[in-house]
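Chemist: First, the structure itself, so that you have it in front of you.
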Amino acid sequence: MDEPFASLDALTREELQDLVVRLWDSMAPTMVLVTHNIEEAVFLGRRILVLKHSPNTESIIIENHDSGYSEYRDAPEFVEKCKEVRGIIEGRIDKEKL
């Protein structure tokens, strides 16, 4: 899916994200979702692939085992994972030290 929720208001976006999680739980399909939204990536992504400026010369994969339940958005772990992803994108966190 290529930015499927990009043009939606915040509440509709969250409702559809929850629907994706429910579909994933019931059907277990393999999904690839492209997004520029860090919070969306952290909420939905079990594994987050961070691509930096092109040419992208290295893969940065962040494991995110807590993703995929509605209450995760309010959990301290969610906030910390968002900070981690942002720090990697901004170059403030060295992925080798994770």
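When we follow the working numbering, the leftmost residue of the sequence shown carries the number 985, and every step to the right adds one. Where is the CB? At the ideal position from N, CA and C, for every residue including glycine. Just so we're clear, the structure is a prediction, and the values are computed from it rather than from any experiment.
#1: With distances taken from CA atoms, which of Arg-1006, Arg-1076, Phe-989 and Val-1018 is nearest Arg-1031?
#2: With a cut-off of 8 Å on the beta carbons, I'd call Val-1026 and Phe-1062 a contact; round off their distance for me.
#3: Within the same chain, show all residues whose beta-carbon is closer than 7 Å to that of Ile-1077, passing over the 5 residues directly before and after it, in chain order.
#4: Using the beta-carbon count (16 or more within 10 Å), is Leu-1028 buried or exposed?
#5: Does Asn-1048 pass the burial test, meaning 16 or more other C-beta atoms within 10 Å, or should it be called exposed?
Modeler: Quick answer:
#1: Val-1018
#2: 6 Å
#3: Glu-1068 and Gly-1071
#4: buried
#5: buried
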